[in-house]
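The structure under discussion appears below in the form of structure tokens.
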Amino acid sequence: MNDNPLPDPIEESTVYCLNISAHYENLNAVREFVGWIASAAGMSERSVFAVQMAADEACTNIIEHAYGGESNQKIDCFCQVTPQELVITLHDHGQPFNPLKVPEPDFNASLEERDNGGLGLYLMRKLMDDVQFTFQPSDQPRDNILTMIKRRTT
309 MNDNPLPDPI EESTVYCLNI SAHYENLNAV REFVGWIASA AGMSERSVFA
359 VQMAADEACT NIIEHAYGGE SNQKIDCFCQ VTPQELVITL HDHGQPFNPL
409 KVPEPDFNAS LEERDNGGLG LYLMRKLMDD VQFTFQPSDQ PRDNILTMIK
459 RRTT
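Residue numbers (my numbering): 309 to 462.
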């Protein structure tokens with residue numbers, strides 16, 4: 309018996325959605341969701357792992373930074389498979405995030421000298437082929453959108 313609620317095989321251009329509350333215990337559901345879609349889309353094991361790691365890191369950052377810790381606030385995870393790529397979109401209503409304010413990690417510095425933070429964003433950018441952030445200005449209702457793309461050929 310298949311307990312997976314998603315159709316098999318994946319239908320290209322269909323948008324699949326997982327809605328979770330911002331709790332660390334829900335990260336496994338996100339990893340399974342994006343991993344299943346990537347696998348069903350015929351992506352390599354390496355690409356599936358990359359997609360899972362990037363989605364986990366992104367959701368962890370949303371919990372920690374957008375919501376200031378675990379909460380009942382929501383994170384929506386949308387996945388769409390096209391002939392060329394897997395598009396993962398994460399949507400939250402927490403504090404906006406400007407990736408331009410995060411410096412690249414200095415891997416030449418010792419651990420004691422390194423700035424705190426920035427490794428997650430670096431990791432997401434290395435694992436995925438494209439990472440884009442958009443958010444509403446602070447005078448608007450908060451609406452943060454992170455889009456990560458992984459080509460199906462990698």
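Yeah, the Cβ is synthetic: ideal placement off N, Cα and C, and Gly gets one too.
C-alpha gap between Cys367 and Ile383, whole angstroms: Between Cys367 and Ile383, the C-alpha separation is close to 8 Å.
Arg339 beta carbon less than 8 Å from that of Ala470: Because the chain here runs from 309 to 462, residue 470 falls outside it and cannot be looked at.
Cβ-Cβ separation, Pro391 to Gly320 (assumed contact under 8 Å), whole Å: Note that residue 320 is Glu in the sequence shown, not Gly. Between the beta-carbon of Glu320 and that of Pro391 there is about 6 Å, and that keeps the pair under the 8 Å contact cut.
Beta-carbon gap between Gln381 and Gly350 smaller than 8 Å: No, Cβ-Cβ distance for Gln381 and Gly350 is not below 8 Å.
Own chain, CB closer than 7 Å to Leu335, minus 5 neighbours either side, in chain order: Taken in chain order, the residues that qualify are Asp364, Cys367, Thr368.
Among Pro404, His399, Val389, the one whose alpha carbon lies nearest that of Thr455: Looking at the Cα atoms, His399 is the closest of the given residues.
Continuous alpha helix (DSSP H) stretch holding Phe341: start and end: 335–348 is the span of the alpha helix (DSSP H), which, as asked, contains Phe341.
Neighbourhood of Ala337 by C-beta, 7 Å cutoff - its chain only, sequence neighbours within 5 removed: Beyond the five residues adjoining it in sequence on each side, Ala337 comes within less than 7 Å, by CB distance, of Leu326, Ile328 in the same chain, given in chain order.
Assigned secondary structure, Gln381 (DSSP; H/G/I helix, E/B strand, else coil): Residue state, collapsed to three classes: coil.
Alpha-carbon to alpha-carbon, Ser347 and Leu435: Roughly 16 Å between the two C-alpha positions.
Where Gly376 falls, given that 16 or more other Cβ within 10 Å makes a residue buried: With fewer than 16 other Cβ atoms within 10 Å, it is exposed.
For Pro404 and Phe443, believed in contact at Cβ under 8 Å, the rounded distance: 4 Å between Cβ atoms; contact.
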